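Protein chains in written order, with this note's numbering: chain L, 1 to 427; chain G, 428 to 854.
Just so you know, even glycine gets a beta-carbon here, dropped at the ideal spot from N, CA and C.
Small disclaimer: the values here were computed from a predicted structure and weren't measured.
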C-alpha cells in the first residue's frame with residue numbers, strides 16, 4: 001500500500017527556497033511520524049528552467065504557475081520568491097483554489113497581510129508566515145498562541161541582522177560605520193544596495209507585522225516611522241559606553257491609550273537590558289505583556305537554513321491541520337481597529353550631542369530654549385574640545401517628538417551653537 | 428440567544444490558580460473574539476471550603492472531585508495543585524472521561540508524562556503543559572511546532588529563578604551563598620525549605636521535560652544527574668570574573684550519537700554567551716538545532732501571572748481545538764527510544780580550584796596524575812596565598828566524568844594537595 005502523501009509546491013528556488021528543499025529532504029525519515037503522512041515537494045516554480053541547480057530534481061521544475069495552480073494534488077504552496085508581484089497574485093490564486101499557503105515574504109505581509117488573511121479565512125485555508133519576521137526565531141506563533149492570554153503593551157525588536165552586525169563592529173572593534181558596512185558586505189550580510197537594511201525599511205516591515213499581531217489591530221509598513229543608522233558615529237558609540245549603554249537599531253511598537261506608536265530608529269539602551277547583549281547578526285524580539293511580564297525571543301534572523309526552519313515549522317503545522325481537518329484554525333487575529341498615533345506625538349527620551357562656543361551663558365541659553373518647548377533635561381555632560389569650542393551632550397526626559405523638533409530648530413538658529421551633531425533616542 | 432460557552436474547572440486555588448482565575452476574568456471581553464466562544468470557570472476544586480478568598484465567587488468552590496468529573500458541561504480541567512497525588516489520578520480520570528487537561532505540574536509531567544499523554548491520545552484529548560517548564564516563557568509549543576523541522580542537538584536552560592537570583596547577587600554584589608539565599612527567602616523567591624531549588628531538583632524536572640520534547644525520546648527526572656549551587660564560593664565567582672565568565676546553574680541536555688546526556692549543575696559560561704546575561708530571577712532556554720542554529724527563549728520562570736499566562740495560552744489553544752473539532756491534534760512527540768548515557772561517560776570541561784603546598788614539583792605531580800587518567804589541561808593559574816601554601820586553578824579540556832573523578836580521587840591522597848576546594852564544570 002502506498003503511503004499517504006501531502007504534496008506541496010515551492011515558488012522560488014533562491015536562498016530560502018533551496019534551504020526549504022534541502023531541509024524537507026533532510027527530514028524525510030521522520031516526517032511521517034511528525035505529521036502522520038509523507039511530505040513531498042512535487043513542483044518547483046522557477047524563472048529559468050535551464051539554470052543548473054545542484055541537488056535539485058530537475059523534473060520538478062516548472063516555469064508555469066497554472067500548472068501548479070491546477071494540480072489538485074498540491075495542497076500547500078510555499079512562497080519564497082519575495083517581492084510584491086507576482087507573489088501576491090499567486091498567493092491569492094492559491095487561496096481561492098483552496099490551497100494552503102506558507103510564506104517568508106515580509107514585504108507582502110507587511111503591506112497586503114489583511115487581504116491575504118481575508119482570502120485565507122474565506123476559503124478556510126491556512127496562511128502562515130512565521131519566516132517573514134525574524135527568520136528562524138519563533139515569534140508569530142508564540143504571540144498568536146502562547147501569549148494569547150496577554151494584553152501586550154510593548155514589542156521591541158532587533159530584527160535586522162545586517163545593521164546589528166554593523167553596530168556590533170562599531171561598538172566592539174571601534175570601526176566607523178563605513179568600515180563596518182564594508183565588512184558586512186564582504187561577508188554577504190549586506191546587499192549591494194544596503195538601503196533597505198541601513199535605513200530601517202526592512203526592520204520597518206517586520207515591526208508592522210509584529211505590531212499587528214501583538215496588538216490585534218492592523219499596522220502596515222506605511223504606518224511605521226523609519227530612521228536608519230548611517231549617521232551614527234564613533235563619538236556616539238563612545239558616549240554610549242560612558243553611559244553604560246549600547247546603540248541598537250530597534251523596531252519599537254507600543255500600544256498606548258491614545259493609539260499605537262510604531263517606528264524603527266537607533267536607540268541607546270542600557271547594557272543590562274536583555275536586548276543589549278544581542279550581538280553580531282543575531283536578532284531578538286522583546287515583548288511585554290500584562291501577565292507574562294518581560295519575555296524575549298532570540299536567534300538567527302536570516303539565512304538559508306534558519307529561515308527554512310521557520311518555513312518548515314509552518315508547513316508541518318499546515319500538514320497537521322490537514323490531517324485533523326482543521327485548516328484555518330487560527331487566522332487573522334486583528335479584531336480591533338486601533339488608531340495609529342502620529343509620530344510627532346510620540347514621547348521619547350533623547351541623547352543630543354552638539355558643538356557649542358565655549359563661553360559663559362551658552363548652557364543657560366540652551367536650557368531656556370528647551371524649557372520654552374517643554375523639554376526637560378535629565379543630564380548634561382560638557383567636554384572641552386578646543387579652546388573656543390566645547391562638545392555638549394544633553395539627555396532629555398521623555399518629550400513629544402514635535403517639541404524636541406521645534407527646540408532643535410530654534411537651537412540651530414543660535415550663534416553659539418556650531419553644530420547639532422547627533423540626535424539619538426534613548427530607551 | 429445565549430452565547431456559546433466553553434466551561435472549565437480549576438483544580439487548586441493557590442498562587443497559580445488565583446493567577447489563572449484573575450487572568451481569565453481580565454480577558455473576559457476579548458475571549459469570544461479570540462476563541463469564538465466565551466470561556467467560563469464553572470467550578471473550582473479546593474481543600475478548604477471555609478477559607479475566605481477575596482475576589483473569588485464562593486459559589487464556584489467545591490471540595491468534591493466527582494462533582495467536577497461528572498459535570499458533562501466541563502470540557503477543560505486546569506490542574507494547578509502541584510504534586511503527584513491526587514493530581515495524577517484526577518488528570519487520568521479527566522482524560523478517560525474525555526475532558527481536556529492543562530497543567531502547570533512539572534513534578535507530574537517529568538515523572539508520569541508518558542502515561543498522561545498516552546491517556547490523552549487514547550481519548551483524543553488535549554493534554555498541554557506549557558506552564559510546567561520555565562513558567563511564562565513559551566518553550567514547549569515552539570519546540571513542538573515552530574522548531575519541528577529541526578534536529579535539535581542541545582537544550583540548555585536557566586530554569587530555576589531562585590538559584591539564578593542567588594548567583595546574580597553573589598556575582599554582582601559579592602554576597603556569600605548564605606547571604607544571597609537569605610535575601611531570596613526574604614523576597615519570597617526561596618521557599619522555607621529551599622532544597623528543591625538550590626540542589627537542582629526543580630531544574631532537573633524541567634530539563635527532563637524539555638529533553639523529551641526536543642529529542643523526541645522519553646527522559647524522566649530519574650535520568651537526570653543533579654548537582655546544586657551550595658558549594659559555590661566567592662572565590663569561585665572571582666575566578667569566573669577573571670576568566671570573563673559567569674557561574675550559572677544550567678539544565679543541560681545533549682542528543683549525541685551515543686545517547687542522551689542530561690544533567691543539572693553549576694557551570695562557568697563565557698559572558699558573551701546569551702545565557703550569561705540572564706540576571707536576577709529570570710529564566711532562559713537556549714536551543715541549538717541543525718536548521719535554526721542558536722535560539723533562546725527568555726522570561727519569567729515563575730510567579731502568579733507569568734505562569735497563568737502560559738496556562739491561559741494552553742487553555743485558549745484547547746478551546747480553539749474544541750471549536751475546530753481537532754483536539755488531540757498534537758499529542759506525544761516521543762516517537763524515538765534513545766538510550767540515556769550514564770553520566771560517568773559524559774564529557775565536560777572542568778574548573779578545579781585546589782590548595783597545594785607551595786613547593787617545587789607539585790604541579791608536575793598533579794599534571795602526571797591528570798595525564799595518567801587521560802585528563803588534558805587547558806589552563807593553569809597559580810597564586811601564592813601564604814608562604815607555604817598556594818591556590819592552584821586548573822581548567823581541563825573535555826574529559827569523561829569518570830576519568831576526572833578517578834584523577835581527583837588520586838589527587839586527594841597526595842600529601843602536597845591540602846584541599847580540593849572546587850570542582851565546577853565549564854561550558
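Here residue 576 of chain G is buried. Its C-beta has 16 or more other C-beta atoms within 10 Å.
The criterion of a C-beta distance shorter than 9 Å is satisfied by residue 467 of chain G and residue 434 of chain G.
Counting only the Cα atoms, residue 286 of chain L lies some 23 Å from residue 237 of chain L.
The beta carbons of residue 318 of chain L and residue 126 of chain L sit closer together than 9 Å. Fewer than three pairs of CB atoms, one per stretch, sit closer than 8 Å, so the stretch 406-420 of chain L makes no contact with the stretch 433-450 of chain G.
Around the CB of residue 591 of chain G, 16 or more other CB atoms lie within 10 Å, so the residue is classed as buried. The bridge partners DSSP lists for residue 391 of chain L are L/355 and L/383.
Among the residues facing chain L, residue 615 of chain G is not included, as its CB has no counterpart in that chain under 9 Å away. Chain-ordered, the chain L residues with CB closer than 9 Å to the CB of residue 725 of chain G read 274, 284, 286, 294, 295, 296, 297 and 298. Residue nearest to residue 338 of chain L within the set L/101, L/229, L/215 and L/366 is L/215 (criterion: CA-CA distance).
Contact between residue 737 of chain G and residue 562 of chain G holds: their C-beta atoms lie close to 6 Å from each other, under 8 Å. Pairing residue 152 of chain L with residue 273 of chain L gives a Cβ-Cβ distance that is not under 9 Å.
With a 10 Å radius around the Cβ and a threshold of 16 neighbouring Cβ atoms, residue 58 of chain L comes out exposed. DSSP, reduced to helix, strand and coil, places residue 723 of chain G within a strand of the structure shown.
Interface with chain G (9 Å Cβ-Cβ cutoff): residue 235 of chain L is excluded. By the beta-carbon neighbour count (other beta carbons within 10 angstroms, threshold 16), residue 685 of chain G is exposed. Under the DSSP assignment, residue 411 of chain L falls outside any beta strand (DSSP E), being part of the alpha helix (DSSP H) whose first and last residues are 401-412.
Under the three-state reduction of DSSP output, residue 738 of chain G falls in the helix class.
Scanning its chain for C-beta atoms nearer than 6 Å, with the 5 sequence neighbours on each side dropped, one finds around residue 199 of chain L the residues 228, in chain order. Residue 520 of chain G and residue 541 of chain G have their C-alpha atoms spaced approximately 15 Å apart. CA-CA distance, residue 469 of chain G to residue 501 of chain G, rounds to 8 Å. Looking at the DSSP output, residue 777 of chain G shares a beta bridge with G/852. As DSSP reads the structure, residue 527 of chain G sits in a beta bridge with G/503.
By alpha-carbon distance to residue 447 of chain G, the top candidate from G/735, G/558, G/787 and G/808 is G/735.
The Cβ of residue 325 of chain L sits closer than 9 Å to at least one Cβ of chain G. Per DSSP, reduced to three states, the secondary structure at residue 621 of chain G is coil, with no helix or strand assignment. Interface residue (Cβ-Cβ distance to chain G less than 9 Å): residue 226 of chain L is not classified as such. Judged by DSSP secondary structure, residue 248 of chain L falls within the beta strand (DSSP E) whose first and last residues are 245-256.
Apart from sequence neighbours up to five positions away, the residues of its chain that approach residue 667 of chain G with a beta-carbon distance below 7 Å are 673, 674 and 695, ordered along the chain. Residue state for residue 696 of chain G is assigned as strand, using DSSP reduced to three classes. Distance from the CA atom of residue 67 of chain L to the CA atom of residue 60 of chain L, rounded to whole angstroms, is 11 Å.
Only exposed fits residue 384 of chain L, as fewer than 16 other CB atoms lie within 10 angstroms of its CB. Cα atoms of residue 277 of chain L and residue 271 of chain L: separation of roughly 7 Å, rounded to the nearest angstrom. At a C-beta separation below 9 Å, residue 34 of chain L has these neighbours in chain G: 575, 576, 643, 760 and 762. Taken residue by residue, none of the stretch 101-121 of chain L has a beta-carbon sitting less than 8 Å from a beta-carbon on chain G. The beta carbon of residue 451 of chain G sits closer than 9 Å to some beta carbon of chain L.
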